[in-house]
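FYI, in our numbering the residues of the sequence shown are -1 to 157.
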Amino acid sequence: MEEKDSISRDFDFEFGRWNVRHRRLKERLAGCDDWEEFEGTSETRAVLGGNGNVEDNFLNFPDGVYRAIALRSFDPVSGTWAIWWLSANAPHQLDVPVVGRFEDGTGSFFAEDTLRGEPVTVRFLWLNTGTETPRWEQAMSRDGGKTWETNWTMDFTRA
């Protein structure tokens, strides 16, 4: 197989510069229905010859600015992506990667993690990837994915 045949194009929709509208629950898995909304920017570029990318984020939280990156890599053998989050607030700690794939333009990625010392399942969804307004959503589950609480959304528009 030639290298070009094993390059995933799943995240090509996200390359470039974006304005981002964030909506985030103030507290996760606590019965909270109080959302905060804020603006940000994002810029994504390919790495690893196309089978990876880095999304550099600037988030303008109500209580101050925040920098973070999403680091993604594709495994052509399994056909899956892994996504890690690295925050400037914890610069030596990568979050547990979510792993998954795209089907029919929707990306679904999962990980087992902890929140406040309790086990949770984390889900990332990439939606509307074939449009000019893609959306990312994060959700968590305490019951192994039977029920989900969406706790963060990011709506992207071209900068």
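C-beta atoms are modelled at their ideal positions from N, C-alpha and C, and glycine is treated no differently.
Owing to the predicted nature of the structure, the values given are computational and were not obtained by experimental measurement.
- For residue 82, the closest alpha carbon among the candidates 7, 76 and 71 is that of 71.
- With fewer than 16 other Cβ atoms inside 10 Å of its own Cβ, residue 142 counts as exposed.
- In this structure, the alpha-carbon of residue 49 lies about 8 Å from that of residue 7.
- DSSP places residue 38 in the uninterrupted beta strand (DSSP E) bounded by 33 to 45.
- Looking at the backbone, the Cα of residue 132 and that of residue 114 are separated by about 30 Å.
- The Cβ atoms of residue 127 and residue 11 sit closer than 8 Å to each other.
- It is roughly 5 Å from the alpha-carbon of residue 19 to the alpha-carbon of residue 153.
- Considering only 109, 157, 147 and 15, the residue with the shortest C-alpha distance to residue 30 is 147.
- Comparing alpha-carbon positions, the option among 15, 80, 134 and 67 lying closest to residue 88 turns out to be 67.
- Counting every other CB atom within 10 Å of its CB across the protein chains shown gives residue 76 a total below 16, marking it as exposed.
- Nearest in C-alpha terms to residue 137, of all of 125, 119, 130 and 129, is 119.
- When secondary structure is reduced to three states using DSSP, residue 10 falls in the helix class.
- Beta-bridge partners assigned by DSSP to residue 73: 78.
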